[in-house]
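Q: For the record, the sequence lines run as chains A and B. Each residue of the first sequence is one higher than the one before, counting from 1 in the numbering used here. Each residue of the second sequence is one higher than the one before, counting from 1 in the numbering used here.
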Amino acid sequence: MTPLSEYLLSLADDRLILGHRLSEWCGHAPILEEDIALSNIALDCIGQATFLYEIAAEAEGNVRTPDRMVYFREAIEYRNLLLVEQPNGDFARTIVRQFLYDAFGISLYDRLQTSSYAPLAAVAQKAHKELRYHFRHSSQWMLRLGDGTDESIQRTQHALNELWQYTDEMFIGGFPAEEVIGSGAAIDPRTLRTGWRNSVDTILSRTALTLPEKDIRMQSGGRNGRHTEHLGHLLTEMQSVARSYPEITW
Amino acid sequence: MLVRTRRSHGEDHAKDDRVTTAAVHTKASIRALLDTIPDPEVPAISIVELGIIRDISITDDEVTISITPTYSGCPAMHTIQQEIRQVCREHGIVRLTILTILAPAWSTDWMDDSAREKLRAYGIAPPLTVAASPLLQIDLPAVPCPHCRSQRTTLKSEFGSTACKAYYYCDVCLQPFEYFKSF
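1) At 9 angstroms on the CB atoms, spell out the chain B contacts of histidine 137 of chain A, in chain order.
2) First and last residue of the alpha helix (DSSP H) that includes glutamate 90 of chain B?
3) Could you tell me whether any Cβ in chain B is nearer than 8 angstroms to the Cβ of valine 200 of chain A?
4) Report the rounded CA-to-CA distance for alanine 32 of chain B versus cysteine 88 of chain B, giving the unit in angstroms.
5) Could you tell me whether the segment 55-63 of chain A touches the segment 3-13 of chain A, using the rule of 3 or more Cβ pairs below 8 angstroms?
6) Checking 8 angstroms against the spacing of the C-beta atoms, do arginine 155 of chain A and alanine 242 of chain A come in under that value?
7) Taking a Cβ distance cut-off of 8 angstroms, strictly less, list which residues of the segment 21-32 of chain A are near chain B, in chain order.
8) State yes or no: is the C-beta of glycine 222 of chain A within less than 8 angstroms of the C-beta of leucine 81 of chain A?
9) If you measure between the beta carbons of glycine 47 of chain A and serine 72 of chain B, is that distance less than 8 angstroms?
10) Classify phenylalanine 177 of chain B as helix, strand or coil using the three-state DSSP reduction.
11) Could you compute how far the alpha carbon of cysteine 164 of chain B sits from the alpha carbon of glycine 51 of chain B?
12) What would DSSP say about tyrosine 245 of chain A, mapped onto helix, strand or coil?
13) Which same chain residues, not among the five before or five after serine 157 of chain B, have their C-beta less than 7 angstroms away from its C-beta?
14) Where does tyrosine 109 of chain A sit, in a helix, a strand or coil, going by DSSP?
15) So the beta strand (DSSP E) leucine 128 of chain B belongs to, where does it begin and stop?
16) What did DSSP end up calling tyrosine 71 of chain B once you bin it into helix, strand or coil?
17) Once you ignore the five residues that flank tyrosine 7 of chain A on each side, which residues in its own chain have a CB closer than 8 angstroms to its CB?
18) Examine chain A for any beta-carbon lying closer than 8 angstroms to the beta-carbon of leucine 251 of chain B, and answer yes or no.
19) Using a Cβ-Cβ distance under 8 angstroms, would glycine 47 of chain A count as near chain B?
20) Please state the DSSP three-state secondary structure of lysine 126 of chain A.
21) If you drop the 5 nearest sequence neighbours on each side, which residues of the same chain put their C-beta closer than 6 angstroms to that of arginine 15 of chain A?
22) Whole angstroms are fine: how far does the CA of valine 130 of chain B sit from the CA of glycine 108 of chain B?
23) Less than 8 angstroms between CB atoms is the rule here; does glycine 51 of chain B satisfy it with respect to chain A?
24) Would you say threonine 167 of chain A and leucine 83 of chain A are within 8 angstroms of each other, going by their C-beta atoms?
25) Give the C-beta separation of arginine 132 of chain A and isoleucine 106 of chain A to the nearest angstrom, bearing in mind that I take them to be a contact with Cβ-Cβ under 8 angstroms.
26) Using 8 angstroms as the limit for Cβ to Cβ distance, is threonine 5 of chain B near chain A?
27) Which word fits glutamate 229 of chain A, buried or exposed, when buried means at least 16 other C-beta atoms lie within 10 angstroms of its C-beta?
28) Note down the Cα distance separating glutamine 86 of chain A from proline 127 of chain B, rounded to an integer number of angstroms.
29) Please classify arginine 73 of chain A: does DSSP put it in a helix, a strand, or coil?
30) Work out the CA separation of asparagine 88 of chain A and threonine 236 of chain A for me, nearest whole Å.
31) Output needed for glutamine 151 of chain B: all residues of its chain with C-beta closer than 7 angstroms, excluding positions within five of it in sequence on either side, in chain order.
32) Output, in chain order, the set of chain A residues within a Cβ distance shorter than 7 angstroms of alanine 188 of chain B.
33) Return the chain-ordered list of same chain residues with a C-beta closer than 7 angstroms to the C-beta of threonine 114 of chain A, the five sequence neighbours on each side being excluded.
34) Is the shortest distance between the beta-carbon of alanine 131 of chain B and the beta-carbons of chain A less than 8 angstroms?
35) What does DSSP give as the partner residues of serine 66 of chain B in its beta bridges?
36) In the segment 2-29 of chain A, which residue ranges form an unbroken alpha helix (DSSP H) of at least 4 residues, counting only runs that do not cross its ends?
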């Protein structure tokens with residue numbers, strides 16, 4: 001493992017875990033169109049993750065395959081943000097989680113298009129295109145729910161209050177990004193905070209939603225493998241077939 | 001600008017005693033072969049017309065075809081690779097490498113006018129140019145109905161039966177239709 005491969009792994013884990021969460025909606029979304037939309041976005045996330053795992057494996061020197069990375073790592077080895085592993089909850093909570101991430105992801109992948117590491121720049125170009133309509137989708141729902149009925153506003157506000165504690169982590173420097181920022185391969189997450197906040201404020205200003213109180217205790221640790229209990233449950237389900245029948249093909 | 005992310009080798013030495021060299025093929029002839037492969041999800045157009053064939057190169061006895069995915073999660077990419085392999089094998093190309101490249105990212109702007117017309121005739125509204133429908137705007141643009149060509153249409157869902165299509169409804173001829181999203 002190198003700082004670069006760890007960085008790529010952290011990006012891949014974000015996309016995979018978020019994609020897996022979204023895929024849990026397949027067959028359960030409130031309306032058919034939304035079922036299709038969430039599954040569609042889930043596919044994009046998992047597809048992007050696949051590309052990212054491939055270049056991470058290459059950067060590691062092909063000592064393990066992407067499948068090994070996904071199915072045979074423990075929660076403590078996962079590097080994803082705490083935000084993306086949070087359970088779906090109700091539809092409002094899923095949308096708020098998606099919106100908070102998309103507003104971050106869209107500027108992250110915009111900047112990564114000029115990463116000095118060419119394989120990452122190529123993946124970013126693809127991912128950024130897709131994130132643009134992911135962000136449009138989650139923004140539209142924020143407007144609809146946050147400026148909708150009393151119940152939709154109350155549920156969305158509740159989700160925002162609950163998930164806000166996981167937003168700070170997106171902008172914390174440190175390993176693994178820190179080691180590869182100098183080479184131009186990674187983006188310094190601290191530089192993304194202002195843009196993200198502006199995107200969030202722009203959408204929220206058109207709704208009845210308000211930002212949570214300032215004194216919320218912010219959570220972090222995902223990048224170092226310190227996760228909330230939810231990731232373990234997610235991995236148990238996601239990895240069950242691969243671990244029951246290792247190396248199986250079909 | 002071009003980055004290989006996935007290499008898929010196929011050396012079908014087994015029971016193929018036909019021409020074992022790519023020498024009889026040219027880039028143009030291989031492109032023509034690929035043009036016979038319909039897009040698995042939108043069979044009105046070929047994978048060449050879809051714009052995903054990015055490069056064909058031929059060395060002494062090996063053909064390399066570079067393809068680019070439409071969407072990262074497009075489930076048809078696997079099928080497309082299988083079909084490319086099969087068509088090539090049927091035409092004596094036994095040493096084939098398929099490369100997946102990601103940059104530059106696929107765009108519907110690569111689809112030419114004849115492909116767009118085929119989509120329309122098939123009942124799918126062809127993609128507007130990317131410039132005409134910026135991805136960041138909050139609403140999608142008006143899309144002309146592929147049946148009556150009216151501009152009075154309504155977006156029903158940005159996400160349709162495949163990743164590349166949205167659902168619209170024509171307010172004039174009252175027909176639902178799919179729109180191949182500009183991307």
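We put the beta carbon where it would ideally sit given N, CA and C, even for glycine.
A: According to the data block:
1) Glu158 and Phe159
2) 76-90
3) no
4) 11 angstroms
5) yes
6) no
7) none
8) yes
9) yes
10) strand
11) 13 angstroms
12) coil
13) Ala166 and Tyr167
14) helix
15) Note, leucine 128 of chain B: premise wrong, no beta strand (DSSP E); not H, not E.
16) coil
17) Pro176, Ala177, Glu179, Val180, Ala185 and Ala186
18) Limits of chain B in this structure are 1 at one end and 183 at the other, which puts residue 251 of chain B out of reach.
19) yes
20) helix
21) Cys45, Gln48 and Ala49
22) The sequence given here has threonine at residue 108 of chain B, not glycine. Near 8 angstroms, if we compare the C-alpha coordinates of valine 130 of chain B and threonine 108 of chain B.
23) no
24) yes
25) 6 angstroms
26) Any reading at threonine 5 of chain B must be qualified, since the residue scores a pLDDT of 48, below 50, and its modelled position is unreliable; the value itself is stated next. Yes, threonine 5 of chain B counts as interfacial toward chain A.
27) exposed
28) 36 angstroms
29) coil
30) 16 angstroms
31) Ala142 and Pro144
32) In the structure as shown, chain B begins at 1 and stops at 183. Residue 188 of chain B is therefore absent and cannot be evaluated.
33) Ala121
34) no
35) B:Asp55 and B:Leu99
36) 3-23
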